[in-house]
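Just so you know, the protein sequences line up as chains A and B, in that order.
To convert, note that position 233 of the first sequence is 233 in my numbering; the numbers rise steadily by one, no gaps.
To convert, note that position 36 of the second sequence is 36 in my numbering; the numbers rise steadily by one, no gaps.
Notes follow once the structure below has been shown.
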Amino acid sequence: MSSDSPVSSDDGLHDQALKVGKHVLKSRLIVGTGKYDTLQLMKDSLDASGSDCVTVAVRREKLYDREGKNLLDYIDLSRFTLLPNTAGCYNATDAVRIARLGREILKSLENPGADWVKLEVLGDSKTLLPDPIATLEACKRLVDDGFQVLCYTSDDPIMAVRLKAAGAASVMPAGSPIGSGQGILNPNNLRIILEYLKSDDPSYPVIVDAGVGTASDVSMAFELGADGVLLNTAIAHARYPVSMASAMKHATIAGRLAYQAGRIPRRLYATASSPEEGLITSRPW
Amino acid sequence: MITIEFNGQASQVEENSTVADLLRLAKVESRSCAVEWNLEIVPKDRYETQALSNGDKIEVVTLVGGG
Numbered sequence: 001m002s003s004d005s006p007v008s009s010d011d012g013l014h015d016q017a018l019k020v021g022k023h024v025l026k027s028r029l030i031v032g033t034g035k036y037d038t039l040q041l042m043k044d045s046l047d048a049s050g051s052d053c054v055t056v057a058v059r060r061e062k063l064y065d066r067e068g069k070n071l072l073d074y075i076d077l078s079r080f081t082l083l084p085n086t087a088g089c090y091n092a093t094d095a096v097r098i099a100r101l102g103r104e105i106l107k108s109l110e111n112p113g114a115d116w117v118k119l120e121v122l123g124d125s126k127t128l129l130p131d132p133i134a135t136l137e138a139c140k141r142l143v144d145d146g147f148q149v150l151c152y153t154s155d156d157p158i159m160a161v162r163l164k165a166a167g168a169a170s171v172m173p174a175g176s177p178i179g180s181g182q183g184i185l186n187p188n189n190l191r192i193i194l195e196y197l198k199s200d201d202p203s204y205p206v207i208v209d210a211g212v213g214t215a216s217d218v219s220m221a222f223e224l225g226a227d228g229v230l231l232n233t234a235i236a237h238a239r240y241p242v243s244m245a246s247a248m249k250h251a252t253i254a255g256r257l258a259y260q261a262g263r264i265p266r267r268l269y270a271t272a273s274s275p276e277e278g279l280i281t282s283r284p285w
Numbered sequence: 001m002i003t004i005e006f007n008g009q010a011s012q013v014e015e016n017s018t019v020a021d022l023l024r025l026a027k028v029e030s031r032s033c034a035v036e037w038n039l040e041i042v043p044k045d046r047y048e049t050q051a052l053s054n055g056d057k058i059e060v061v062t063l064v065g066g067g
């Protein structure tokens with residue numbers, strides 16, 4: 001690595017830790033634990049992703065038909081910080097309730113993730129788009145309750161500013177609807193969010209959450225300047241999840257490194273890579 | 001016997017049962033769960049003393065896979 005590089009290692013996954021509130025993550029990739037065919041496949045995929053933070057959901061304990069297999073038997077709690085979510089909540093009261101229950105479980109597990117939450121308040125079950133008004137309300141209530149709130153939101157820059165002002169530890173705009181695999185549909189909105197949220201606070205973490213379809217979407221998020229990417233379905237529903245998890249790990253490294261290395265500007269016309277001097281051939285014009 | 005609503009289902013338990021009794025009966029591992037009693041979270045150190053009454057609503061939740 002040359003001395004002019006801002007990157008201390010050639011591993012973009014670990015260049016500088018991702019700081020979110022009080023948490024420090026070695027990997028900038030956060031992965032979900034849902035939708036896997038088997039818990040073993042999930043475990044292998046989490047390992048391959050290189051992540052050290054995974055999201056989990058809070059649900060009723062199954063009192064009947066329990067398989068006897070527990071999610072936590074397949075997650076190494078000494079390696080992974082758990083990030084409980086409020087998925088499935090459609091109002092602020094439910095989201096606060098679920099966040100508190102998640103905190104209670106993580107305290108019992110003595111997992112450092114007890115003090116944070118991925119806030120998700122949905123407005124519609126078809127699009128799974130966030131309800132902005134209820135999200136803002138829940139964010140304020142959770143911040144008041146001492147939570148570090150990682151806030152799922154749309155890619156609306158004004159909403160992102162409002163959530164940061166409400167005390168969110170990280171704003172997490174969706175690239176596209178949850179599980180849709182459409183990637184980052186409006187990179188310009190993401191650019192504006194990054195500019196607004198970081199203008200007076202360059203280290204404020206913006207994490208792209210939702211919509212990733214494949215590895216290039218992850219790289220694109222990092223190339224645009226995102227601090228982290230959170231994804232689930234793109235790995236869990238890939239034909240070969242473990243391979244896709246590895247691809248996401250490398251896409252994180254590539255995208256982050258490319259962002260730090262500084263891309264060349266886009267130009268309309270070509271610029272030759274080989275010297276113009278010393279040509280022994282002639283031009284047609 | 002008294003009737004409580006346990007994770008959305010009517011359930012019969014002995015009078016003077018506690019949250020801890022209920023968890024033992026349901027074979028729930030308390031380390032990985034949280035308990036809500038009439039919408040109020042019951043801290044772990046209250047499981048043995050929190051008595052159940054007729055009509056109480058109990059929710060026992062755990063962690064599952066999610067994104």
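Built from N, CA and C at the ideal position, the CB exists for glycine as well.
- Ranked by Cα distance from A/T153, the first of A/G146, A/F147, A/L129 and A/L142 is A/L129.
- Between A/G175 and A/V208, the CB-CB gap stays under 8 angstroms.
- Under the Cβ distance rule, B/A20 does not count among the residues neighbouring chain A, no pair being separated by less than 8 angstroms.
- Within chain B, the residues placing a beta-carbon under 8 angstroms from that of A/M42 are G65, ordered along the chain.
- For B/V42, same chain residues with a beta-carbon under 6 angstroms away, outside a window of 5 residues either side, are V19, V35 and Q50 in chain order.
- By the rule that beta-carbons nearer than 8 angstroms mark a contact, A/T127 does not touch chain B.
- Here A/T127 is not near A/N85, since their CB atoms are 8 angstroms or more apart.
- The way I'd put it, the segment 245-252 of chain A doesn't touch the segment 264-278 of chain A; fewer than three beta-carbon pairs between them come closer than 8 angstroms.
- Listed along chain A is no residue with a C-beta nearer than 8 angstroms to that of B/V13; the closest approach is about 13 angstroms.
- Look at B/S32: its C-beta is under 8 angstroms from a C-beta on chain A.
- Counting only Cβ-Cβ distances below 7 angstroms, A/G32 has contacts in chain B at G66 and G67, in chain order.
- Going by DSSP, A/K198 is part of the alpha helix (DSSP H) stretching over P187 to K198.
- Collapsing the DSSP output to three states places B/G65 in a strand.
- For B/K44, at least one C-beta of chain A is nearer than 8 angstroms to its own C-beta.
- A distance below 8 angstroms separates the beta carbons of B/K44 and B/S30.
- With three or more CB-CB distances shorter than 8 angstroms, the segment 213-232 of chain A counts as touching the segment 183-199 of chain A.
- Assigned with DSSP and collapsed to three states, B/E40 falls in strand.
- Secondary structure of A/E120 (DSSP, three-state): coil.
- For A/T233, the C-beta contacts it makes with chain B under 9 angstroms involve G67, in order along the chain.
- Contact check for A/L150 against A/S180 fails: the beta carbons are separated by 8 angstroms or more.
- Against B/E40, chain A offers no close residue; the least beta-carbon distance is about 10 angstroms (beta-carbon pairs closer than 7 angstroms).
- Comparing C-alpha distances from A/D44 to each of A/T281, A/I280, A/A258 and A/S243 shows the shortest one belongs to A/S243.
- Chain A places no beta carbon closer than 8 angstroms to that of B/T3, leaving this residue out of the contacts.
- The three-state secondary structure of B/M1, taken from DSSP, is coil.
- Looking at A/A92, A/L101 and A/Y36, the one whose alpha-carbon comes closest to that of A/R59 is A/L101.
- Below the 9 angstroms Cβ cutoff, chain A contributes V58, R59, R60, E61, K62, N70, L71, L72 and I105 as neighbours of B/T62, in chain order.
- A/P130 sits in a strand when the DSSP states are folded into three classes.
- DSSP, reduced to helix, strand and coil, places A/T55 within a strand of the structure shown.
- Neighbours of A/Y36 across chain B, judged by C-beta separation under 9 angstroms: G65.
- A/P157: member of the alpha helix (DSSP H) spanning P157 to A165, first to last residue.
- Across the segment 141-172 of chain A, no CB contact with chain B closer than 7 angstroms is found for any residue.
- Annotation: the continuous alpha helix (DSSP H) that includes A/Q260 extends over P241 to A261.
- For B/S11, the beta-bridge partners assigned by DSSP are B/I4.
- In the DSSP assignment, B/V19 falls within the unbroken alpha helix (DSSP H) covering V19 to L25.
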